[in-house]
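The block underneath contains the structure these notes are about, expressed in structure tokens.
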Amino acid sequence: MRHSPFGIRHLPWRSLYPFESHHLPLGSLRYHYLDEGAGQPLLFVHGNPTWSFYWRNLILGLRDQYRCIAVDHIGCGLSDKPQDYPYTLAQHIENLVTLVERLDLKGVTLLAHDWGGAIGLGTVLKLPERFSRIVLFNTGAFPPPFVPLRIAACRIPLFGTLAIRGCNAFARAALTMAVEKPLAKDVQAGLIAPYDSWANRIATQRFVQDIPMSKRHPTWQVLEQIEAGLPSLGSRPIQLIWGMKDWCFRPECLDRFLTHWPQADVHRLKDCGHYVVEDAPERIVPLVREFLSRFPTTPRSHALRGNASPDALRPE
Numbered sequence: 017m018r019h020s021p022f023g024i025r026h027l028p029w030r031s032l033y034p035f036e037s038h039h040l041p042l043g044s045l046r047y048h049y050l051d052e053g054a055g056q057p058l059l060f061v062h063g064n065p066t067w068s069f070y071w072r073n074l075i076l077g078l079r080d081q082y083r084c085i086a087v088d089h090i091g092c093g094l095s096d097k098p099q100d101y102p103y104t105l106a107q108h109i110e111n112l113v114t115l116v117e118r119l120d121l122k123g124v125t126l127l128a129h130d131w132g133g134a135i136g137l138g139t140v141l142k143l144p145e146r147f148s149r150i151v152l153f154n155t156g157a158f159p160p161p162f163v164p165l166r167i168a169a170c171r172i173p174l175f176g177t178l179a180i181r182g183c184n185a186f187a188r189a190a191l192t193m194a195v196e197k198p199l200a201k202d203v204q205a206g207l208i209a210p211y212d213s214w215a216n217r218i219a220t221q222r223f224v225q226d227i228p229m230s231k232r233h234p235t236w237q238v239l240e241q242i243e244a245g246l247p248s249l250g251s252r253p254i255q256l257i258w259g260m261k262d263w264c265f266r267p268e269c270l271d272r273f274l275t276h277w278p279q280a281d282v283h284r285l286k287d288c289g290h291y292v293v294e295d296a297p298e299r300i301v302p303l304v305r306e307f308l309s310r311f312p313t314t315p316r317s318h319a320l321r322g323n324a325s326p327d328a329l330r331p332e
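Take the sequence shown: its position 225, counted from the start at 1, is 241 in the working numbering, and no numbers get skipped.
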């Protein structure tokens with residue numbers, strides 16, 4: 017199965033996501049992304065089990081001044097969901113590198129959450145000349161110092177498959193366990209909308225399976241390489257915004273980043289959880305806007321839509 021579509025135009029949460037869809041062809045697959053506004057490019061990279069919907073408040077709050085590009089990883093959101101695909105960290109990095117190069121993005125600011133941190137920073141390290149600033153939210157870019165029991169349980173072969181793909185338990189549980197402030201019903205519906213069938217939950221499970229529990233797992237080495245490259249990014253302006261009640265990417269993960277980037281602009285939100293952008297968008301949008309204003313890129317360091325290859329910009 018190459019594509020698992022679902023209609024979105026008339027769903028209750030659609031008004032929360034008032035964006036035009038674009039697709040980048042990756043071979044026979046369609047890689048979905050948003051492209052809103054103009055100016056210095058901001059690249060939003062989500063984690064598991066979210067999608068570009070997670071970034072809606074930041075995009076709405078920043079697109080008046082910046083070009084906001086938010087991807088859906090293959091298998092996630094409105095991207096294709098092939099059932100036979102290498103759903104690995106290395107592959108997701110390769111896909112994002114392709115998008116940055118195809119759109120000819122320069123002077124990019126990375127904004128990343130959860131798995132998006134490793135995917136985004138892996139991309140920055142492959143294309144360092146194209147990235148100017150980094151903003152991270154509750155993420156990691158190193159071999160996991162711990163794996164919460166509730167996530168480890170989802171790796172048990174039969175149980176994990178039935179829980180994640182059969183019951184959508186991983187995504188549904190996050191609606192309450194990843195936040196400190198209850199989510200509105202339409203927000204809950206939007207966050208899990210793309211994961212409405214066994215087939216459409218393929219990437220949710222593959223992300224969990226790609227968490228390296230030991231050095232024997234191939235993704236462990238990829239994460240080691242990313243962490244080894246973090247000091248080389250330290251000359252860039254870096255902002256770290258952390259929900260301190262996160263049980264997944266706990267405060268220890270923030271501290272680990274700070275060993276590499278002690279000069280980072282840090283904001284510890286003591287009353288927020290893992291979905292920190294959902295818990296406090298009214299605080300986070302001004303924090304990010306002020307950071308971007310304080311460290312502007314030059315006009316020559318970013319590309320507008322007109323410089324992208326024609327086949328990369330195909331509105332749905």
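All C-beta atoms in this analysis are idealised placements derived from N, C-alpha and C, irrespective of residue type, glycine included.
{"Item": "So is glycine 84 buried or exposed if we call it buried at 16+ other beta carbons inside 10 Å?", "Value": "Per the sequence shown, residue 84 should be read as cysteine rather than glycine. When all chains shown are included, cysteine 84 counts as buried."}
{"Item": "Compute the distance between the beta-carbons of phenylalanine 153 and valine 292, then report whether it is under 8 Å.", "Value": "yes"}
{"Item": "Mind reading off the beta-carbon distance from isoleucine 167 to valine 224? Whole number of angstroms is fine, and I expect it under 8 Å.", "Value": "7 Å"}
{"Item": "For the alpha helix (DSSP H) holding histidine 276, just list the boundary residues, first then last.", "Value": "267-276"}
{"Item": "For glycine 322, which residues of its own chain have a beta-carbon under 8 Å away from its beta-carbon, when the five flanking residues on both sides are left out?", "Value": "Here the model assigns glycine 322 a pLDDT of 36, short of 50, so the residue's position is not dependable, and the following value carries that caveat. Contacts found: none."}
{"Item": "If you follow the alpha helix (DSSP H) that glutamate 243 is in, where does it begin and where does it stop?", "Value": "234-245"}
{"Item": "Label lysine 97 either buried or exposed according to how many other C-beta atoms from any shown protein chain fall within 10 Å of its C-beta, with 16 as the threshold for buried.", "Value": "buried"}
{"Item": "Looking only at its own chain, which residues have a Cβ that is under 8 Å from the Cβ of phenylalanine 273, when we skip the five neighbours before and after it?", "Value": "Leu152, Ala157, Leu246, Leu256 and Ala280"}
{"Item": "So, are the CB atoms of serine 148 and valine 124 less than 8 Å apart?", "Value": "yes"}
{"Item": "Determine the contact status of threonine 313 and glutamine 81, defining contact as a CB-CB distance below 8 Å.", "Value": "no"}
{"Item": "Rounded to the nearest angstrom, what separates leucine 141 and aspartate 51 at their Cα positions?", "Value": "23 Å"}
{"Item": "Under 8 Å by Cβ, that's how I've got proline 198 and glutamate 268 pegged, so tell me the actual separation to the nearest angstrom.", "Value": "Wrong, their Cβ atoms sit about 27 Å apart, outside the cutoff."}
{"Item": "Grouping DSSP H, G and I as helix and E and B as strand, with all else coil, what is asparagine 184?", "Value": "coil"}
{"Item": "Glycine 182: buried (16+ other C-beta within 10 angstroms of its C-beta) or exposed?", "Value": "exposed"}
{"Item": "Within 10 angstroms of its Cβ, does proline 34 collect 16 or more other Cβ (buried), or is it exposed?", "Value": "exposed"}
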